[in-house]
Amino acid sequence: MELPKLNFQETFDFKFKKDKDKFFIYDLVRKTYLLLTPEEWVRQHWIHYYLTVKSYSASALITEKKIVLNGLTKRIDLLITEKTQPIILIECKAPQIKLTEKTFEQTARYNSIIGAKEIVLTNGLQHINAYYDNGEYQFYKP
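Going by the numbering used here, 80 is the number at position 13 of the sequence shown; the sequence numbering is gapless.
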């Protein structure tokens, strides 16, 4: 399986396995192998980044959390917490998905439920970072 090189300075030590014709990647938060989709490839980079580079504990990372938005059940990709408070909401897209105003608005709508101080919209190649301050998002380059 050919995986794209993502836009991270670090290289991470991923564990893979193959079953029949499918590839799986080990998730350090859920402690299980997950189907390796393009979006999961991006999410696992962020998980490894927060665990190894930022030294968060696995218990501070929440993946695939269900939320209800306008009566519809949605799932957030990754939430970073500190003392159970939401700090950073990360919405992962597959590398071939363009990040647009529409995809950012989706992330902002999810955050209207979550209430994180910061959001990251990423396809692994491009990352859009924004702080929520005084009722609006301020974009920044980390």
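Glycine residues also receive a C-beta, built at the ideal position from the N, C-alpha and C atoms. As the structure is a computational prediction, the values presented were derived from the model and not from experiment.
Expected contact under 8 Å - CB spacing of residue i and residue j to nearest Å
{"i": "I92", "j": "F83", "result": "6 Å"}
{"i": "D144", "j": "R176", "result": "That pair is no contact at about 14 Å."}
Distance between residue j and residue i (C-alpha atoms, nearest Å)
{"i": "I157", "j": "K85", "result": "27 Å"}
{"i": "G182", "j": "F81", "result": "31 Å"}
{"i": "S124", "j": "L146", "result": "13 Å"}
{"i": "R97", "j": "F90", "result": "17 Å"}
{"i": "K87", "j": "V135", "result": "36 Å"}
{"i": "K150", "j": "L166", "result": "31 Å"}
{"i": "T170", "j": "D94", "result": "25 Å"}
Cβ neighbours of residue i in the same chain (closer than 8 Å, five flanking residues each side left out)
{"i": "N178", "result": "L156, I186, Y199"}
Same chain, Cβ closer than 7 Å to residue i, neighbours up to 5 away in sequence not counted
{"i": "Q205", "result": "A197, Y198"}
{"i": "P209", "result": "N196"}
Closest Cα partner of residue i within the set the options
{"i": "E117", "options": "L70, T148, A175, I195", "result": "Looking at the sequence shown, residue 117 is not Glu but Tyr. When only C-alpha atoms are compared, the closest one is T148."}
{"i": "E172", "options": "I195, I154, T151", "result": "I195"}
{"i": "G138", "options": "K165, N201, I180, T119", "result": "I180"}
{"i": "E77", "options": "K141, E168, T151, T119", "result": "T119"}
{"i": "K28", "options": "T151, H112, L95", "result": "Within the shown structure, residues of the chain are numbered from 68 to 209, placing residue 28 beyond reach of any answer."}
Beta-carbon gap between residue i and residue j smaller than 8 Å
{"i": "L101", "j": "G191", "result": "no"}
{"i": "P105", "j": "Q163", "result": "yes"}
Cβ-heavy atom distance, residue i to the ligand SAM, below 7 Å
{"i": "L146", "result": "With respect to small molecules bound, the structure shown includes none, and the ligand SAM cannot be examined in it."}
Residues near residue i in its chain [Cβ-Cβ closer than 6 Å; skip 5 each side]
{"i": "T174", "result": "E158, I186, L188"}
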